[in-house]
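Novice:
There are 2 protein chains.
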Amino acid sequence: MGKGKVTIKDVAKVAGVSTGTVSYALAGDPRINEKTRKLVEEAAHKLNYIPNEVGRSLRSRKTETIAFVIPNTSSHVFSHPYFLKLLEGITEVLEEYSYNLQISTTPSEKEEAKAYDKILRSNRVDGIILSSASLKDRNILRMVESGFPVVYLGKWHHEEVLTVERDDFRGAYEAASHLAGLGRRRIVHISGPLDHQESVDRLEGYKQALSDHQILYDASLVVEKDFSREAGAAAVEELRAANVRYDGIFAGNDLMAIGALKQLKRMNIAVPEEVSVVGFDDIDMADAVTPELTTVHQPMREIGRMAAEKLLAVLQDREVPEKRSIVSTRLIIRESCGGQPQ
Amino acid sequence: MGKGKVTIKDVAKVAGVSTGTVSYALAGDPRINEKTRKLVEEAAHKLNYIPNEVGRSLRSRKTETIAFVIPNTSSHVFSHPYFLKLLEGITEVLEEYSYNLQISTTPSEKEEAKAYDKILRSNRVDGIILSSASLKDRNILRMVESGFPVVYLGKWHHEEVLTVERDDFRGAYEAASHLAGLGRRRIVHISGPLDHQESVDRLEGYKQALSDHQILYDASLVVEKDFSREAGAAAVEELRAANVRYDGIFAGNDLMAIGALKQLKRMNIAVPEEVSVVGFDDIDMADAVTPELTTVHQPMREIGRMAAEKLLAVLQDREVPEKRSIVSTRLIIRESCGGQPQ
DNA sequence: CTGAAAGCGCTAACAA
DNA sequence: TTGTTAGCGCTTTCAG
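Heads up: the protein sequence lines correspond to chains A and B, in order.
The first sequence runs contiguously to residue 342 in this note's numbering.
The second sequence runs contiguously to residue 684 in this note's numbering.
#1: Please go through the same chain and pick out, in chain order, the residues whose beta-carbon is closer than 7 Å to the beta-carbon of residue 668 (chain B), but skip the five residues on each side of it.
#2: Answer yes or no: do residue 143 (chain A) and residue 99 (chain A) have a C-beta to C-beta separation smaller than 8 Å?
#3: Whose C-beta lies closer than 8 Å to the C-beta of residue 388 (chain B) among residues of the same chain, with five residues either side of it excluded?
#4: State buried or exposed for residue 34 (chain A), treating a residue as buried only when at least 16 other CB atoms are found within 10 Å of its CB.
#5: How is residue 495 (chain B) classed by DSSP in three states: helix, strand or coil?
#6: By the three-class DSSP mapping on this structure, what secondary structure does residue 75 (chain A) have?
#7: With 8 Å as the limit, tell me which residues of the region 392–404 of chain B have their beta carbon closer than that to any beta carbon of chain A; keep them in chain order.
#8: Can you find a CB in chain A that lies within less than 8 Å of the CB of residue 464 (chain B)?
#9: Going by other Cβ atoms of all chains shown within 10 Å of its Cβ, with 16 needed for buried, is residue 9 (chain A) buried or exposed?
#10: Could you tell me which residues DSSP puts in a beta bridge with residue 674 (chain B)?
#11: So with Cβ pairs under 8 Å, would you call residue 83 (chain A) a contact of chain B?
#12: Is residue 658 (chain B) helix, strand or coil by DSSP?
#13: So, helix, strand or coil for residue 346 (chain A), using DSSP?
#14: Quick one: which chain B residues come within Cβ less than 9 Å of residue 162 (chain A)?
#15: Excluding the five sequence neighbours on either side, which residues of its own chain have a C-beta within less than 8 Å of the C-beta of residue 177 (chain A), listed in chain order?
#16: Please report whether the beta-carbon of residue 437 (chain B) lies at a distance below 8 Å from any beta-carbon of chain A.
#17: Taking Cβ to Cβ, would you say residue 201 (chain A) is nearer than 8 Å to residue 169 (chain A)?
#18: Check the Cβ-Cβ distances between residue 600 (chain B) and every residue of chain A, and say whether any is below 8 Å.
#19: If we count the other Cβ atoms within 10 Å of its Cβ and call it buried at 16 or more, is residue 328 (chain A) buried or exposed?
#20: Quick one: Cα of residue 134 (chain A) to Cα of residue 577 (chain B), how far?
#21: With respect to the alpha helix (DSSP H) encompassing residue 376 (chain B), which residues constitute its N-terminal and C-terminal limits?
#22: Can you find a CB in chain A that lies within less than 8 Å of the CB of residue 471 (chain B)?
#23: Just confirm the distance between the C-beta atoms of residue 638 (chain B) and residue 513 (chain B), as a whole number of angstroms; I'd bet it's less than 8 Å.
#24: Counting pairs of Cβ atoms below 8 Å between the region 19–27 of chain A and the region 64–73 of chain A, do you hit three or more?
#25: Per DSSP, which one or two residues make a beta bridge with residue 196 (chain A)?
#26: Do we get a CB-CB distance below 8 Å when we pair residue 642 (chain B) with the residues of chain A?
#27: Buried or exposed for residue 500 (chain B), going by 16 or more other Cβ atoms inside 10 Å?
#28: Run through the region 564–618 of chain B for me and flag every whole beta strand (DSSP E) of 3 or more residues, listed as ranges in chain order.
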């Protein structure tokens with residue numbers, strides 16, 4: 001039996017009905033007589049018939065495929081541990097609905113526009129889940145506003161667009177407050193790239209926490225880095241070189257926190273005795289390091305699930321309960337801070 | 343401009359040629375006159391024409407999409423850190439060739455057969471990269487032997503099938519030899535599930551290394567686990583409960599090694615002073631833990647690249663240089679063993 | 001070198 | 001309740 005050789009015509013012939021009837025019967029259309037349906041199903045089963053999805057898509061204008069798009073500008077996302085959790089959540093839901101998943105990374109930045117156009121208009125996918133990107137990225141804007149079904153993973157300043165967001169502000173607020181509550185007064189913030197909304201929000205949460213604890217904001221304690229371990233280590237090194245004194249670090253993500261931890265160890269600075277450290281993300285690595293990292297947990301798998309559910313609701317013309325969904329974070333206290341807040 | 347509304351007909355009309363000519367012109371067919379080609383290209387550009395891939399696929403019987411299939415039986419792969427590297431390698435190559443990537447996880451085991459059939463015969467993808475699976479999995483067998491273009495990531499006992507393999511035996515051999523070279527004599531092996539070829543090969547490499555170092559194989563030192571951190575910790579705990587004495591651990595992967603490390607720490611057993619530990623994989627976590635983990639590096643990104651290259655060679659009727667590709671591993675010596683071998 | 005036209009496999013509108 | 005048929009958008013023979 002050659003692959004894909006048996007078509008709807010063959011089934012129709014064997015069942016002694018027309019192709020239209022086969023199509024309806026297999027789709028479970030109520031208009032088809034029970035007996036005929038049985039007949040068709042038997043024929044299909046005997047021939048081991050599997051519909052050609054391409055023919056189906058062309059006619060019905062549906063692919064039952066969605067794309068998970070990772071913008072070039074945030075290509076780092078791709079190598080981040082939490083990306084897997086996101087993917088897990090998405091695939092779980094898609095499996096339930098028998099949808100397919102396509103992964104689209106965009107190539108070089110200059111070809112991005114074309115790449116997006118292609119995704120949107122080549123009719124290969126019905127909708128997309130868009131990973132968060134730089135605020136400067138104009139292509140994202142076009143994508144989101146194209147009218148094509150999109151769920152954006154992050155905050156988007158537009159009424160109509162569907163999003164699943166973390167509460168970055170609140171997460172950061174709690175993290176920094178925790179440090180302040182432990183008596184830390186000179187708290188460094190190693191932020192992610194500030195052209196990313198999440199970084200901005202985390203920085204704001206940090207500032208608010210300081211303010212609420214009567215700590216004066218000191219710009220020399222904030223360093224902007226790129227979310228990598230190396231950057232976290234570099235930040236600590238730079239602070240040393242600049243002779244900055246501090247007793248706490250709130251890092252914009254776990255990788256940077258872990259890099260910082262390592263550098264502190266190299267410099268023989270004791271964590272948490274001399275410096276308390278908090279991260280953000282709660283990746284698997286966070287409780288593998290020594291000391292175990294206190295961090296802000298974000299339910300990435302759940303976010304993936306929600307995004308997929310939301311997108312499918314649109315595609316299947318079901319009610320979308322809320323345009324913006326905001327999932328909350330949770331502070332996980334481990335060893336890198338030294339005890340519960342006072 | 344509505345999405346995907348402009349078709350080849352529109353372009354033909356504007357350019358004043360037939361649709362066939364447009365098709366050829368845009369494909370760069372040399373039969374088309376230079377002038378006509380220009381004309382068509384201009385029209386296409388002016389209309390912002392993007393071909394409907396579904397129509398194209400139906401006619402040409404090519405989707406320019408490949409699937410990366412993760413079998414249910416090895417669903418753990420999905421949550422493993424190196425999976426991302428694999429994905430990175432694959433997407434890099436696919437981007438070069440403008441191919442699309444579909445991720446297929448198979449649902450519950452009982453529906454696996456049907457799911458595979460669908461992937462193979464619904465004409466949605468041109469070929470697949472198949473992640474390694476249980477040796478017992480009959481569905482994999484069918485898939486590999488179906489004649490559909492498949493690249494299998496692992497060893498496969500069949501002449502015709504294309505594979506990209508690690509040298510698990512040699513990697514394990516070197517790991518265990520390293521321990522033996524450090525004077526370790528009672529070396530535990532925490533193996534992965536033994537219905538996976540890679541686990542079997544690593545076990546064999548371990549045995550060979552023992553034998554070459556005049557160490558008697560002791561079955562009580564081998565425990566079979568499931569590749570997770572928890573399992574690694576559990577293994578160490580079980581050894582304690584059974585009062586087994588040992589001075590080295592070779593774990594079947596890094597996660598188990600890291601789990602073991604943590605449990606040893608809980609039990610106040612010093613690494614590497616009392617027990618030397620080696621892992622396998624060299625995931626990012628390996629050099630984040632304390633002590634940093636000595637492990638066997640496998641170039642997952644390169645493996646992904648090779649698999650994609652190989653599959654594309656088949657799909658594009660190019661020469662496939664070798665059916666089986668075996669990439670070698672490399673022992674990375676860090677802190678968890680205590681020094682260079684004698 | 002280009003146009004006309006068949007047809008990939010399927011669905012859905014219309015007829016019967 | 002079922003059959004007939006047009007046509008989704010494209011590629012690729014076959015003529016010219």
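C-beta: ideal position from N, C-alpha, C; glycine also.
In this text the structure is predicted, and so the values were computed from the model without any measurement.
Specialist: In this structure, then:
#1: Looking up residue 668 (chain B) in the second sequence gives position 326. These residues qualify, in order along the chain: 507 and 509.
#2: The residue given as residue 143 (chain A) occupies position 143 in the first sequence. The residue given as residue 99 (chain A) occupies position 99 in the first sequence. No, the pair does not count as a contact, with Cβ atoms beyond the cut-off.
#3: Here the question's residue 388 (chain B) lines up with position 46 in the second sequence. 356, listed in sequence order.
#4: Locating residue 34 (chain A) in the first sequence gives position 34, where the first residue counts as 1. Flag for residue 34 (chain A) reads exposed.
#5: For the purposes of this step, residue 495 (chain B) is identified with residue 153 of the second sequence, where counting begins at 1. In this structure, residue 495 (chain B) counts as strand in the three-state DSSP scheme.
#6: The residue given as residue 75 (chain A) occupies position 75 in the first sequence. For residue 75 (chain A), the predicted model reports a pLDDT of 46, less than 50, meaning its position is unreliable; a value from the coordinates is still stated below. Helix at residue 75 (chain A).
#7: 392, 393, 394, 395, 396, 397, 399 and 400
#8: Within the second sequence, the letter at position 122 stands for residue 464 (chain B). Yes, because at least one Cβ of chain A sits closer than 8 Å to the Cβ of residue 464 (chain B).
#9: Position 9 of the first sequence, counting from 1, holds the residue named residue 9 (chain A). So residue 9 (chain A) ends up on the exposed side.
#10: One-based indexing of the second sequence puts residue 674 (chain B) at position 332. BP columns for residue 674 (chain B) point to B:637.
#11: Here residue 83 (chain A) refers to the residue found at position 83 of the first sequence. Cβ-Cβ to chain B under 8 Å: yes for residue 83 (chain A).
#12: One-based indexing of the second sequence puts residue 658 (chain B) at position 316. Three-state DSSP puts residue 658 (chain B) in coil, outside helix and strand.
#13: Nothing can be reported for residue 346 (chain A), as the shown portion of chain A is limited to 1 through 342.
#14: As a first step, residue 162 (chain A) is located in the first sequence; it is residue number 162 there, counting from the start. Near residue 162 (chain A) there are no residues of chain B at all, since even the closest Cβ is about 17 Å away, more than 9 Å.
#15: The sequence position of residue 177 (chain A) within the first sequence is 177, counting from 1. For residue 177 (chain A), where only same-chain residues beyond five positions count, the Cβ hits under 8 Å are 209, 212, 213 and 341.
#16: For this step, residue 437 (chain B) is matched to residue 95 along the second sequence. Answer yes: the Cβ-Cβ gap between residue 437 (chain B) and chain A drops below 8 Å somewhere.
#17: Position 201 of the first sequence, counting from 1, holds the residue named residue 201 (chain A). Position 169 of the first sequence, counting from 1, holds the residue named residue 169 (chain A). Yes; because the gap between Cβ atoms is below 8 Å, this pair is in contact.
#18: As a position in the second sequence, residue 600 (chain B) is number 258, starting the count at 1. Output row for residue 600 (chain B): interface = yes.
#19: Taking the first residue of the first sequence as position 1, residue 328 (chain A) is located at position 328. Residue 328 (chain A) should be labelled exposed.
#20: If you number the first sequence from 1, residue 134 (chain A) lands on position 134. If you number the second sequence from 1, residue 577 (chain B) lands on position 235. Their backbone Cα atoms lie some 45 Å apart in a straight line.
#21: Residue 376 (chain B) sits at position 34 when you count from the first residue of the second sequence. Looking at the DSSP string, the run of the alpha helix (DSSP H) that includes residue 376 (chain B) is 376–389.
#22: Residue mapping note: residue 471 (chain B) aligns to position 129 of the second sequence, counting from 1. Not closer than 8 Å to any Cβ of chain A, the Cβ of residue 471 (chain B) fails to qualify, so no.
#23: Within the second sequence, residue 638 (chain B) is the residue found at index 296, counting from 1. Within the second sequence, residue 513 (chain B) is the residue found at index 171, counting from 1. Confirmed, Cβ separation roughly 4 Å.
#24: no
#25: Translated into positions along the first sequence, residue 196 (chain A) becomes position 196. Residue 196 (chain A) pairs with A:134.
#26: Stepping through the second sequence from its first residue, residue 642 (chain B) is reached at position 300. No, residue 642 (chain B) lies away from the interface with chain A (no Cβ there is under 8 Å from its Cβ).
#27: Indexing the second sequence from 1 puts residue 500 (chain B) at position 158. Answer is exposed; the Cβ neighbour count stays below 16.
#28: 564–566 and 590–593
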